[in-house]
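The sequence shown begins at 0 in numbering that gives the first Met the number 0 and counts up one residue at a time.
Backbone N, C-alpha and C define an ideal beta-carbon position, used for all residues, glycine too.
Worksheet for the structure shown next.
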Amino acid sequence: MSLPRIYSIEGNIGSGKTTIIENLQKTFENNPRVIFIREPVDIWQTIKDTDGETILSKFYKDPAKYAFTFQVMAYSTRLSMLREVIRQNPNCETIICERSLDADKHIFEKMLYNDGMIDEVSHQIYQRFYGEFQDEFQLAGIVYIDADAVVCKSRIEKRARVGEETVALDYLEKCQQYHESWLSNKELNAPVLKIKTNEDVTYDLTCPNDKGLVWMMQIVEFLSLSYQNNLSPVESLDEACGRQIERFEEFYNPNI
């Protein structure tokens with residue numbers, strides 16, 4: 000059985016990944032061949048100590064102590080969700096996930112190791128763990144949701160998500176640097192679409208000039224071209240959107 004094509008939505012904490020995924024999910028809500036996997040934060044929030052403090056909160060407060068534990072947990076939960084989704088959806092052709100197994104390794108574990116938060120022995124264990132599964136779920140494409148660290152910090156403060164109270168600006172700046180380093184690496188096998196998301200938008204899909212709609216169309220264009228292994232430079236949106244939407248629907252709309 001051939002595996003579905005896997006695309007990831009990557010980006011810093013507070014960059015706008017979740018909002019974009021929510022709007023993409025609405026676009027394909029009636030199509031069983033396109034499955035979305037959200038970052039398993041809800042699972043992470045269930046892992047608590049006897050005082051009720053979550054592993055996410057503990058990691059942000061004391062990364063030196065909990066870095067390796069958190070990274071193993073993050074990787075294993077992503078891996079488990081991918082396998083479960085594929086098992087439960089045998090006719091699925093495309094999976095779009097919020098962050099990837101590769102991001103865990105090339106951004107977060109790497110950053111923590113370089114900062115001395117993960118020691119050498121733990122790093123080698125993680126590398127072996129990752130190596131066991133690295134060929135199982137290769138990415139067909141990456142959408143990079145890029146917002147400046149100061150913008151991400153402001154959004155984090157506004158949404159006030161439990162466990163993120165201690166996320167510092169310098170940590171977000173470092174995350175952004177590691178994203179850029181990974182996604183600009185010439186050895187990266189997957190094509191990358193970069194979208195700058197500093198603006199706060201409404202995602203009004205009825206308004207052709209809405210910036211959120213523009214971003215959505217860019218993603219659809221990217222997925223469509225990637226699906227055909229025809230990643231030519233993106234045309235102007237006015238020229239490309241209608242043609243690419245029609246082409247994408249030919250692949251994914253069961254009713255066409």
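So, helix, strand or coil for residue i, using DSSP?
i, result
"C292", "Because the chain spans 0 through 255 in this model, residue 292 falls outside it and cannot be assessed."
"A148", "helix"
"G10", "strand"
"V200", "coil"
"E108", "helix"
"G51", "coil"
"F58", "helix"
"V142", "strand"
Thinking C-alpha only, which one of the options is nearest residue i?
i, options, result
"C96", "D48, I8, D209", "I8"
"T165", "P62, S121, S223, L81", "P62"
"M72", "G51, F107, C91, N88", "F107"
"S14", "K47, E172, D50, N113", "E172"
"R4", "K109, C91, A146", "C91"
"N197", "N208, T17, K157, A148", "A148"
"I85", "Q133, S121, R32", "R32"
"N11", "C174, L23, R158, N113", "C174"
"W43", "L23, R77, G115, F221", "R77"
"V161", "E131, S180, S225, Y59", "Y59"
"F136", "I94, A159, S121", "I94"
May I ask which residues mark the beginning and end of the alpha helix (DSSP H) holding residue i?
i, result
"I85", "62 to 87"
"T26", "16 to 26"
"C174", "168 to 182"
"E119", "119 to 130"
Which stretch, first to last residue, makes up the beta strand (DSSP E) that contains residue i?
i, result
"V40", "Taken as a continuous stretch (DSSP letters only), V40 belongs to no beta strand (DSSP E), being part of the alpha helix (DSSP H) at 40 to 43."
"L192", "191 to 195"
"C96", "93 to 97"
Return the Cβ separation of residue i and residue j in integer angstroms, given the expectation that the two are a contact with Cβ distance under 8 Å.
i, j, result
"Y65", "K109", "Actually they are not in contact, since the Cβ atoms of Y65 and K109 sit about 17 Å apart, beyond 8 Å."
Exercise for the section: State whether the segment 189 to 196 contacts the segment 132 to 152, with contact taken as three or more CB pairs (one from each stretch) at a distance under 8 Å. Expected result: Contact between the segment 189 to 196 and the segment 132 to 152 is present, because at least three Cβ pairs lie under 8 Å.
Handout entry: the segment 148 to 163 touching the segment 213 to 227, judged by at least three CB pairs closer than 8 Å
Key = The answer is no - the segment 213 to 227 does not touch the segment 148 to 163, with fewer than three Cβ pairs under 8 Å.
Problem - Validate contact between the segment 41 to 61 and the segment 72 to 82 using beta carbons, cut 8 Å, 3 pairs - result: They touch, by the three-pair rule.
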